[in-house]
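Trainee: Quick one: the structure is below, and I'll ask about it shortly.
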Amino acid sequence: MKRFMACAVLLTFATAHCALALTEDFDAGKAADWTEVQGEWAVSKGEYTQADLVWTTTATHETYHRSYFGDEDWDDYTLEANVRIEEGGATAPIVGIFFRVTEKSDTGDYYYFRLDERAAEGPALIKAPNIIIQENLAQPAEIGVDYVLKVEVEGDEIRCYIDGVLEIDVIDGDFPSGAIGVGTFDAVGHFDNVSVNGDGIPRPVESRGKLPEVWARLRSAY
């Protein structure tokens, strides 16, 4: 895994502004500092993979196989990742990215921007545990196809993109800050080039909140 900080310098009246970015490409063959709450996770051929197709619920925090990274204090940022449904189960193959992951409740809370392989479904923004904020129907994802998902969060505004095209733009202020993640439902998912950038992303990444304790508690339940 390679981590690097990218600094974009903007000169205005001889002043400089530095936006920090953290990128993980998994090329080193491991996913250090990721917390795998549920599922069968591995790094293979430079991609982060989740291979478990078994699911038990669609209505609780245990709905998604997921892995998280970062700090609950991160607030406004842009998250981007390459995602792919490598194999789908019989019910509802889903893949996506988590953001503003917090410990607001004992089970942990999150937003989730997801793709769905079912013909009648489409990209959707989910709020924990599995509440649909907005879904664009009849836009199914294809198995074996790479997509670039991007989320921009600024205050209460959430903007979600697929391959650079804006799909969802909503206002929701339930979770004002939190870490990032990737995950699946009823699918073998592959993830790569996960990046997060914003003024609040520290260098190096340091977990200042209690979120790792929540993740550890959730993981121990499976």
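So the sequence shown is numbered by our numbering: it starts at 7 and just counts up by one. Backbone N, C-alpha and C fix where the C-beta goes; we use that ideal spot for every residue, glycine too. Note that the coordinates shown come from a computational prediction; the quantities given were computed from them, not determined experimentally.
Are the CB atoms of Pro135 and Phe119 within a distance shorter than 9 Å?
Mentor: The answer is no: Cβ separation not under 9 Å.
Trainee: Out of curiosity, what's the CA-to-CA distance linking Asp33 and Glu127?
Mentor: One C-alpha to the other measures close to 33 Å.
Trainee: Where do the ends of the beta strand (DSSP E) carrying Phe191 lie?
Mentor: Its beta strand (DSSP E) spans residues Ala185 to Phe191.
Trainee: Which value, in whole angstroms, describes the spacing of the CA atoms of Pro191 and Asp205?
Mentor: The question names Pro, but residue 191 is Phe in the sequence shown. C-alpha separation (whole angstroms): 32 Å.
Trainee: Expressed to the nearest angstrom, what Euclidean distance is found between the alpha-carbon atoms of Val43 and Ile137?
Mentor: Those two C-alpha atoms are separated by around 20 Å.
Trainee: Quick check on the burial criterion: 16 or more other C-beta atoms within 10 angstroms. Buried or exposed for Lys51?
Mentor: Under this definition Lys51 is an exposed residue.
Trainee: So what does Thr29 bridge to, in DSSP terms?
Mentor: Partner(s): Ser201.
Trainee: Please identify the residue among Asp79, Gly170 and Tyr117 whose C-alpha is closest to the C-alpha of Arg72.
Mentor: It is Tyr117 whose Cα lies nearest to the Cα of Arg72.
Trainee: Report buried or exposed for Leu172, applying the criterion of at least 16 other Cβ atoms within 10 angstroms of its Cβ.
Mentor: So Leu172 counts as exposed.
Trainee: For the 8 Å Cβ check, are there 3 or more pairs between the stretch 84-104 and the stretch 154-172?
Mentor: The stretch 84-104, when compared against the stretch 154-172, does touch it at the 8 Å Cβ threshold.
Trainee: Taking all protein chains shown into account, do 16 or more other C-beta atoms lie within 10 angstroms of the C-beta of Thr63, making it buried, or fewer, making it exposed?
Mentor: By the 10 Å Cβ count, Thr63 comes out exposed.
Trainee: Across the stretch 92-103 and the stretch 179-191, are there enough close Cβ pairs to call them in contact, namely three or more that are closer than 8 Å?
Mentor: Contact between the stretch 92-103 and the stretch 179-191 is present, because at least three Cβ pairs lie under 8 Å.
Trainee: Am I right that Asp180 and Ile164 are in contact with their C-beta atoms under 8 Å? What's the rounded C-beta distance?
Mentor: No, Asp180 and Ile164 are not in contact; Cβ-Cβ is about 11 Å, not under 8 Å.
Trainee: What span of residues does the beta strand (DSSP E) with Gln140 cover, start to end?
Mentor: From DSSP, the beta strand (DSSP E) with Gln140 extends over Ile137 to Glu141.
Trainee: Quick one: what does DSSP say Lys133 is sitting in, helix, strand or coil?
Mentor: In the structure shown, Lys133 sits in a strand (DSSP, three-state: E or B).
Trainee: To the nearest angstrom, report how far apart Ala65 and Leu28 are at their CA atoms.
Mentor: So the alpha carbons of these two residues sit roughly 32 Å apart.
Trainee: Does the beta-carbon of Ala38 have 16 or more other beta-carbons within 10 angstroms, so that it is buried, or is it exposed?
Mentor: The residue in question, Ala38, is exposed, as its Cβ has fewer than 16 Cβ neighbours within 10 Å.
Trainee: Given this structure, state the Cα-to-Cα distance separating Asp198 from Ala125, to the nearest angstrom.
Mentor: Each residue's alpha carbon lies about 25 Å from the other.
Trainee: Quick one: give me the first and last residue of the beta strand (DSSP E) that Trp47 is part of.
Mentor: Where Trp47 is concerned, the enclosing beta strand (DSSP E) stretches over Trp47 to Ser50.
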